[in-house]
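Asker:
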Amino acid sequence: MGNYAEFYRGSIDQRDAFWSEQAKLIDWHQPFEQVLDYSKPPFAKWFVGGQTNLCYNAVDRHLKERAEQKALVYISTETGQEKTYSFRDLYDEVNRFAAVLQSQGVAKGDRVIIYMPMIAEAVFAMLACARIGAIHSVVFGGFAAHSLATRIDDATPKLMVTADAGMRGGKTIPYKHLVDEAIRLSANPPEKVLICHRGLDPDMALVEGRDLDYASLRAEHLNATVEPVWLESSEPSYILYTSGTTGKPKGVQRDTGGYAVALAASMKHIYTGKPGEVMFTSSDIGWVVGHSYIVYGPLIAGMTTIVYEGLPIRPNPAIWWKIVSENKVNIMFTSPTAIRVLKKQPAEYLKKYDVSSLRSLYLAGEPLDEPTARWISDALGANIIDNYWQTETGWPILSAVPEIEDTPRKFGSPSFAAYGFNLKLLHEGTGKEVGTDEKGVLVIVPPLPPGCLSTVWGDDARFLSTYFSSFENELVYTTFDWATQDADGYYFILGRTDDVINVAGHRLGTREIEEAISAHNNIAEVAVVGVHDEIKGQAVMAFAVVKDPSRTSTPEEAALMEKEVMATVDRELGAIARPAKVHFVTLLPKTRSGKLLRRSIQAIAEGRETGDLTTLDDPGALEQIKNAVAKWKAGK
Ligand code: ATP
Ligand code: MG
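Structure (structure tokens):
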């Protein structure tokens, strides 16, 4: 075991030496001449002059040693289908897909939008684009036509790949139909739409001359081999739009060589994945976690990746543990929300299967609260590792790095800065570094390490104005998140900088108040927002889900419970943070990626329009918020 602090220092102080060592983890067609070109800050070009290909690194290079090893295991609890692909099968499928794309005139630099459910063909499509140097932009299947149209107009794809339909919780989602609608709304639609027909939507309509059937084209290219197109390291591999939790999505542009190196390095140091082992990431290919740790990361590392279409609780809440047990999963990656869902289920589901193959569970995307971390840690007996990162960075900013050193974890903290990330916590007003345990904005001192966004697609000015202009005295990348660092160096994320509530001049983080409320033993989950208040500027309003609903079943009981919650906040944070009102609901509005839609809750609480809600998971949750607020206003 090494010393992580030393490893980290090396990554910052001997940056070039550090990264040129990591760069050996991938195959280069032509070696790079310069580790980093930083002549135009903050634009960073990694591994200048090097030529490589993401698909080659994920697939071809494994043929020599592990052609017959499983590369991809596809499991759908929606259709009941299961299929396994060895690295050789994957190679064949990707070559066929690449040949089909080429037959439609798709070439290096062309954009391809992939709007697909979680099926193996979606992965083939991504790898095929990478193989021929086409730039893919995967759009999450939960986005409706309008959001898809916005992304079409921004990325201007030559071709789109879709399926007739997907399924979620047994319900059919007509993907192709949504593509038709999006194309109608788009100012700059693609020439071709390639459709993987799953037989789920027999009524699917086709547009002559535009719509193509993947199965028939594949049959024409069964024996095709397509040579990888070698890209210069900083040429783009893909565009991925951010979740849009806080406004208009930004087209994150990723390079090729830096991303490949960053993923290979993170698979080794952070995820400890070894060739031949199995990784199960329960995200979706439409999110950054899916790009990095369903598709490229595990495959680059020579691991088997599990592609799962389905919910965590269907056909029953043991399904993930069944997958872990049957596939001897070593590394798992999911979100805190998913774990909280499982936590509400009867405990016996976790005991049904032998999950002893599981070494570590990684969680990311939102704050991992201590009770949830503790519960899953006890239940699984595996390492629980909280990762903090963003679509923009492509891999963790904060994480334990267990391959280097098995540092103790503190629940509630994603541990330390990952190697390569030079972090600071700056005071929002003065721009000066804050002290131990003091709250600051988490920023990255550029150059951003390999794997991070190289710019915003087609908009360098937006890259600068969005990310690099928060502080006057220093050029830094802002994460827009609040954090503290304790005396042992552990970071704690407190929430987003635009989620601050200002009560009578006191700036309070929504997350801080939520944590305080969660300290009450009957609170399962809570969302806190600031609402306009004539006197105090803003007042705190909380929407809470209780564990035992019988304690809020009558208005009297609910009032009692509200008092208890308020007293808990008084005790934990002080009366200044006490909610003016605690509403009890059974569900909170979240995006399909599990992020709380605080902005929409706030809009409703203040009687405003909620804006674009196409990522909303369950509309019923917003209805509850509306009803609660209306009832409260009527009674006031
Ligand atoms: P947009 O930028 O379009 O508003 P988004 O920020 O929700 O969307 P993502 O890039 O998917 O899109 O999410 C990154 C954010 O998620 C982080 O900035 C942080 O607020 C939150 N986050 C991610 N991981 C963690 C974690 N481990 N702990 C706390 N917060 C996290
Ligand atoms: Mg963001």
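The working numbering applies: residue 8 is where the sequence shown begins, and numbers increase by one. We treat Cβ as the ideally placed atom computed from N, Cα and C, and that holds for glycine.
Give the DSSP-derived three-state secondary structure of Gln545 in the structure shown.
Answerer: Three-state result, Gln545: strand.
Asker: Would you give the residue range spanned by the alpha helix (DSSP H) that Ile330 belongs to?
Answerer: Counting along the chain, the alpha helix (DSSP H) containing Ile330 begins and ends at 326–334.
Asker: Leu155: which of Pro196, Trp26, Glu481 sits nearest, CA to CA?
Answerer: Closest option to Leu155, Cα to Cα, is Pro196.
Asker: CB-CB under 8 Å to Arg225, same chain, minus the five flanking residues each way: which ones, in chain order?
Answerer: Same-chain partners within the cutoff: Arg103, Phe104, Val107.
Asker: Who are Gln654's beta bridge partners in DSSP?
Answerer: No statement about residue 654 is possible, as the shown extent of the chain runs from 8 to 643 and does not include it.
Asker: Could you spell out the range, first to last residue, of the alpha helix (DSSP H) harbouring Ser83?
Answerer: First-last for Ser83: 77–83, but that is the beta strand (DSSP E), not the alpha helix (DSSP H).
Asker: Using C-beta distances below 6 Å, list every residue in its chain close to Lys257, excluding the 5 sequence neighbours before and after it, in chain order.
Answerer: So the qualifying residues of the chain are Thr249, Val463.
Asker: For Ile307, which residues in the same chain have their Cβ closer than 6 Å to its Cβ, ignoring the five residues on either side in sequence?
Answerer: Result list for Ile307: Asn64, Ala65, Leu270, Ala271, in chain order.
Asker: Please find out if some non-hydrogen atom of ligand 2 comes closer than 7 Å to the beta-carbon of Thr232.
Answerer: Result no, Cβ not under 7 Å from ligand 2.
Asker: Measure the CB-CB distance between Leu432 and Ala494 and report whether it falls below 8 Å.
Answerer: Taking 8 Å as the Cβ cut-off, Leu432 and Ala494 do not qualify as a contacting pair.
Asker: Using the beta-carbon count (16 or more within 10 Å), is Gly216 buried or exposed?
Answerer: Flag for Gly216 reads exposed.
Asker: Return yes when the Cβ of Ala635 is within less than 8 Å of the Cβ of Phe550, no when it is not.
Answerer: Yes, the pair counts as a contact, with Cβ atoms nearer than the cut-off.
Asker: I need the DSSP call for Tyr303, collapsed to helix, strand or coil.
Answerer: Tyr303: helix per DSSP, three-state reduction.
Asker: Nearer than 7 Å: is that true of the beta carbon of Gln397 relative to any heavy atom of ligand 2?
Answerer: It does: the Cβ of Gln397 is within 7 Å (strictly closer) of some heavy atom of ligand 2.
Asker: Go ahead and pull the three-state DSSP assignment for Ala490.
Answerer: Three-state result, Ala490: strand.
Asker: According to DSSP, is Asp376 part of a helix, a strand, or is it coil?
Answerer: Coil.
Asker: Find the nearest neighbour of Phe470 within the set Ile611, Gln260, Gly280, judged by alpha-carbon distance.
Answerer: Closest by alpha carbon: Gln260.
Asker: Can you determine whether any heavy atom of ligand 1 sits closer than 7 Å to the C-beta of Leu375, and answer yes or no?
Answerer: At least one heavy atom of ligand 1 is nearer than 7 Å to the Cβ of Leu375, so yes.
Asker: Leaving out five residues on either side along the sequence, give the residues of the same chain with a beta carbon under 8 Å from the beta carbon of Ser240.
Answerer: Closer than 8 Å at Cβ, skipping near neighbours: Phe39, Lys52, Trp53, Phe54, Val55, Gly56, Gly57, Gln58, Thr59, Asp262, Thr263, Gly264, Gly265.
Asker: So, with DSSP's three-state summary, where would you put Arg3?
Answerer: Only positions 8 to 643 of the chain appear in this structure, which leaves residue 3 out of reach.
Asker: Indicate the three-state DSSP secondary structure (helix, strand or coil) for Asn429 in the structure shown.
Answerer: DSSP places Asn429 in coil when its eight states are reduced to three.
Asker: Excluding the five sequence neighbours on either side, which residues of its own chain have a C-beta within less than 6 Å of the C-beta of Pro243, listed in chain order?
Answerer: These residues qualify, in order along the chain: Ile142, Gln260.
Asker: Helix, strand or coil for Tyr416, going by three-state DSSP, please let me know.
Answerer: It should be noted that the sequence gives Arg, not Tyr, for residue 416. If DSSP states are grouped into helix, strand and coil, Arg416 belongs with coil.
Asker: Let me make sure I understand the geometry here. Which of Ala610, Ser364, Pro457 has the alpha-carbon closest to that of Leu43?
Answerer: Out of Ala610, Ser364, Pro457, Pro457 has the C-alpha closest to the C-alpha of Leu43.
Asker: From the DSSP output, in three-state form, read off His590 for me.
Answerer: Looking at His590 - three-state DSSP - the assignment turns out to be strand.
Asker: With a threshold of 7 Å (Cβ to nearest heavy atom), would Gly317 be considered close to ligand 1?
Answerer: Checking the Cβ of Gly317 against ligand 1 gives no.
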